[in-house]
Amino acid sequence: MKDKKNYILLLILIVASFLRIYSLFNVPPSASLDEASIGYNAYSILKTGADEYGNKFPLLLRAYDDWRPALYVYLVIPFVQLFGLNVLAVRLPSVILSILTVLASYFLVKELFKNHSKFKIYNLEFDVPLVSSLLLAISPWHIYISRLGHEANAGLAFFIFALLFFLKKSVYVSFIFFTLSFISYQSEKIFIPLFILFVFIIFWKEILVIKRKIIIASIISLIILIPFMKETLAPNALIRFNATNVFNTRNDFSDKEVLIFAKAVESNDLVGKVLHNRRTVAVEIFFQNYIAHFNPIWLFSNLSDDKHKVSGLGLLYFWELPLIIIGLFFLLRKKIDSKVKKIIIAWILIAPIPGAITTDAPHAMRIYTMLPIPQILSALGLVQIFNYINYKLSKIIFLGFFSIIILSVIYFYIQYFQVFPKTQSSSFQYALSQAIPFVLKNQKSYNEITFSNRDNLFQSYMFFLFYSKYDPEIYQRQGGTVSGGFEESHNFSKYSFRNINWSMEKKESDIVYVGNIRDFPKNATSVATFKYLDGEKAIIIVN
Numbered sequence: 001m002k003d004k005k006n007y008i009l010l011l012i013l014i015v016a017s018f019l020r021i022y023s024l025f026n027v028p029p030s031a032s033l034d035e036a037s038i039g040y041n042a043y044s045i046l047k048t049g050a051d052e053y054g055n056k057f058p059l060l061l062r063a064y065d066d067w068r069p070a071l072y073v074y075l076v077i078p079f080v081q082l083f084g085l086n087v088l089a090v091r092l093p094s095v096i097l098s099i100l101t102v103l104a105s106y107f108l109v110k111e112l113f114k115n116h117s118k119f120k121i122y123n124l125e126f127d128v129p130l131v132s133s134l135l136l137a138i139s140p141w142h143i144y145i146s147r148l149g150h151e152a153n154a155g156l157a158f159f160i161f162a163l164l165f166f167l168k169k170s171v172y173v174s175f176i177f178f179t180l181s182f183i184s185y186q187s188e189k190i191f192i193p194l195f196i197l198f199v200f201i202i203f204w205k206e207i208l209v210i211k212r213k214i215i216i217a218s219i220i221s222l223i224i225l226i227p228f229m230k231e232t233l234a235p236n237a238l239i240r241f242n243a244t245n246v247f248n249t250r251n252d253f254s255d256k257e258v259l260i261f262a263k264a265v266e267s268n269d270l271v272g273k274v275l276h277n278r279r280t281v282a283v284e285i286f287f288q289n290y291i292a293h294f295n296p297i298w299l300f301s302n303l304s305d306d307k308h309k310v311s312g313l314g315l316l317y318f319w320e321l322p323l324i325i326i327g328l329f330f331l332l333r334k335k336i337d338s339k340v341k342k343i344i345i346a347w348i349l350i351a352p353i354p355g356a357i358t359t360d361a362p363h364a365m366r367i368y369t370m371l372p373i374p375q376i377l378s379a380l381g382l383v384q385i386f387n388y389i390n391y392k393l394s395k396i397i398f399l400g401f402f403s404i405i406i407l408s409v410i411y412f413y414i415q416y417f418q419v420f421p422k423t424q425s426s427s428f429q430y431a432l433s434q435a436i437p438f439v440l441k442n443q444k445s446y447n448e449i450t451f452s453n454r455d456n457l458f459q460s461y462m463f464f465l466f467y468s469k470y471d472p473e474i475y476q477r478q479g480g481t482v483s484g485g486f487e488e489s490h491n492f493s494k495y496s497f498r499n500i501n502w503s504m505e506k507k508e509s510d511i512v513y514v515g516n517i518r519d520f521p522k523n524a525t526s527v528a529t530f531k532y533l534d535g536e537k538a539i540i541i542v543n
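Residue numbering for the sequence shown follows our numbering, beginning at 1 and increasing consecutively.
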């Protein structure tokens with residue numbers, strides 16, 4: 001029976017690998033804004049030891065003034081060395097970590113649910129660890145983000161590894177992975193400390209027994225984190241956070257509350273001043289954002305082409321909803337180790353916090369560390385269903401459920417690999433990925449080449465550096481990147497990246513402009529036009 005289970009696990013890993021590796025170079029259709037930045041900075045550090053700004057071996061990547069953790073960039077460097085600067089090199093570390101996450105989640109759930117909750121059918125044995133790893137392997141949420149060259153996947157993978165080794169009492173290895181997770185992604189800076197705090201509370205008796213190891217591991221982690229935190233808390237590095245957290249940002253709701261507060265002050269209304277002041281409003285927005293991450297419509301559907309979702313699918317399959325409800329019920333009611341219950345509940349409650357304190361909530365990537373909780377609960381619910389029905393009925397239900405999984409994977413395959421590239425190519429600035437090679441091929445014909453830096457050509461300077469594989473040493477000698485600010489202009493060699501104002505531009509035969517359709521009048525002489533995969537015209541080159 002154990003050999004059969006190992007074969008099933010191997011099959012799950014093969015499915016997980018296929019769904020994450022297949023056509024990785026072409027889907028998503030081109031480099032995202034983040035992938036271009038990560039890729040070029042990895043290339044720059046590989047060649048010169050410095051990023052696009054000339055910073056030597058940075059701990060934080062300034063990247064559009066985002067100041068994101070640079071760990072994933074260093075993971076990409078060996079792949080750039082092996083495969084060159086392209087999207088495959090940027091995405092492969094994320095894919096490899098995601099496949100390892102599927103495997104690690106099996107062993108993690110095995111630690112959490114030891115000798116508990118399983119069923120036998122057709123001479124096969126299925127348990128919560130096996131079913132949950134299968135559900136994670138085919139998860140739209142996990143597949144989508146794992147196929148992006150993004151640090152969120154590293155943060156999740158290192159966290160899963162850390163918790164697994166903690167439960168196996170490998171304290172030093174566990175703390176290394178907790179530390180790596182913390183320095184991988186912005187959300188983990190909030191999630192990891194809170195989760196560790198709850199773990200210490202839950203396992204305080206066990207921790208007292210191994211307190212010497214815990215103290216040593218904590219000291220080592222702190223030594224590693226000191227330089228990282230020093231840079232993280234620097235004023236420049238906090239600009240992005242200050243601009244996006246709910247305690248500083250303004251929106252229609254907060255503006256309305258400000259007016260109510262002003263009237264309360266004018267009328268000396270004490271209750272109004274308490275309920276509608278800036279701090280109270282921020283807390284209210286936080287809780288609205290927090291609850292939004294549990295909205296079943298957002299989790300299980302895609303009604304408005306949300307970020308990080310495939311057309312026609314939510315983050316989770318709709319059929320997982322009843323399984324999650326059943327699984328949660330049995331988790332709370334069944335005789336499961338109280339520590340396991342507390343870990344899972346703490347995990348569920350903490351995961352949405354990073355997404356709740358920032359704007360643009362709900363946000364699938366910022367609460368990515370929620371995985372694989374939905375899959376664990378779904379697996380627990382499914383296993384309990386089979387334990388409560390007779391064998392004949394269970395065979396019918398098993399075939400039905402297996403058919404649903406097959407159909408779901410087929411539907412996901414169609415929507416992601418065939419529909420998604422066409423409907424979402426604009427999100428990945430696909431037209432720009434086609435325009436830049438054309439410009440490079442014909443650049444000798446022009447003395448000046450100007451790219452727009454807005455709309456379809458947003459941050460076009462970085463895409464140019466990425467697709468042209470522009471020599472980082474030459475780029476840094478020419479001044480490198482001065483600022484990644486959204487409205488900043490960039491100039492190097494004969495290239496400039498700025499807003500195009502056609503009425504003010506020079507019209508000469510040796511100057512070419514690469515811009516949005518609306519940047520030029522209809523009678524402008526077009527050299528070439530580039531479209532998104534859905535046929536929409538996006539970029540025009542004008543001489």
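Idealized CB from N, CA, C, for every residue including glycine.
In the structure shown, what three-state DSSP assignment does residue i receive?
{"i": "H363", "result": "coil"}
{"i": "F466", "result": "helix"}
{"i": "D582", "result": "Residue 582 falls outside the range modelled here, since the chain spans only 1 to 543, and no answer is possible."}
{"i": "V514", "result": "strand"}
{"i": "H142", "result": "helix"}
{"i": "A154", "result": "helix"}
{"i": "K273", "result": "At K273 the pLDDT is 49, less than 50, meaning the model places this residue with poor confidence; the figure from the coordinates comes in the next sentence. K273: helix per DSSP, three-state reduction."}
{"i": "R68", "result": "strand"}
{"i": "T529", "result": "strand"}
{"i": "A234", "result": "coil"}
{"i": "I540", "result": "strand"}
{"i": "I121", "result": "strand"}
{"i": "N86", "result": "coil"}
{"i": "N242", "result": "helix"}
Here's the rule: buried if 16 or more other CB atoms are within 10 angstroms of the residue's CB, otherwise exposed. What is residue i?
{"i": "N390", "result": "exposed"}
{"i": "V128", "result": "buried"}
{"i": "P472", "result": "buried"}
{"i": "K110", "result": "buried"}
{"i": "A435", "result": "buried"}
{"i": "H495", "result": "Correcting the residue type first, residue 495 is Tyr in the shown sequence and not His. Result: buried."}
{"i": "I350", "result": "buried"}
{"i": "T453", "result": "The question names Thr, but residue 453 is Asn in the sequence shown. The residue is buried, with at least 16 neighbouring Cβ atoms inside 10 Å."}
{"i": "G149", "result": "buried"}
{"i": "P296", "result": "exposed"}
{"i": "A364", "result": "buried"}
{"i": "W67", "result": "buried"}
{"i": "F402", "result": "exposed"}
Look at residue i and residue j and say whether their C-beta atoms are less than 9 Å apart.
{"i": "F175", "j": "F158", "result": "no"}
{"i": "I8", "j": "L130", "result": "yes"}
{"i": "H308", "j": "I500", "result": "no"}
{"i": "S30", "j": "Y64", "result": "no"}
{"i": "S445", "j": "F451", "result": "no"}
{"i": "Q478", "j": "S44", "result": "no"}
{"i": "Q81", "j": "L46", "result": "yes"}
{"i": "V15", "j": "Y416", "result": "no"}
In its own chain, which residues sit with a C-beta less than 6 Å from the C-beta of residue i, not counting the 5 before and 5 after it?
{"i": "P352", "result": "Y290, H293 and I367"}
{"i": "F318", "result": "F300"}
{"i": "F247", "result": "A282"}
{"i": "K339", "result": "I202"}
{"i": "S133", "result": "I12, V102, S105 and Y106"}
{"i": "F253", "result": "With a pLDDT of 49 at F253, under the threshold of 50, the modelled position of this residue cannot be trusted; read the value that follows with caution. Cβ within range, chain order: n/a, list empty."}
Who are the Cβ neighbours of residue i in its own chain at under 8 Å, not counting the five residues just before and after it?
{"i": "F25", "result": "N86, V87 and L88"}
{"i": "L71", "result": "E151, A154, L180, I183 and S184"}
{"i": "I456", "result": "Note on identity: in this sequence residue 456 is Asn, with Ile being the wrong assignment. Closer than 8 Å at the Cβ level, and outside the excluded window around N456, lie S426, Q429, A431, L432, N516, A538 and I539."}
{"i": "P193", "result": "F182"}
{"i": "G327", "result": "I376, L377, S378, A379, L380, G381, L382 and Q384"}
Comparing the C-beta of residue i with each C-beta of chain B, is any distance below 9 Å?
{"i": "D51", "result": "Of the protein chains in the structure, only one exists, and it is not chain B."}
Give a single yes or no on whether residue i has its beta carbon closer than 8 Å to a heavy atom of the ligand MN.
{"i": "H150", "result": "Absence of the ligand MN from the depicted structure is noted, as is the absence of any ligand whatsoever, leaving it without description."}
Leaving aside the five residues before and after residue i along the sequence, list all residues of the same chain whose C-beta is less than 7 Å from its C-beta, in chain order.
{"i": "P354", "result": "S187, I190, F191, R366 and I367"}
{"i": "T525", "result": "V542 and N543"}
If you scan the stretch 187-215 from start to end, which runs of the alpha helix (DSSP H) of 4 or more residues do you find wholly inside it?
188-202 and 204-209
List, from N- to C-terminal side, the alpha helix (DSSP H) runs of 4 residues or more that fit wholly inside the stretch 412-498.
Positions of the alpha helix (DSSP H) runs, each at least 4 residues long and wholly inside the stretch 412-498, are given as 420-423, 430-442, 460-468 and 472-477 in order along the chain.
What are the complete alpha helix (DSSP H) segments, minimum 4 residues, inside the stretch 9-77?
33-48
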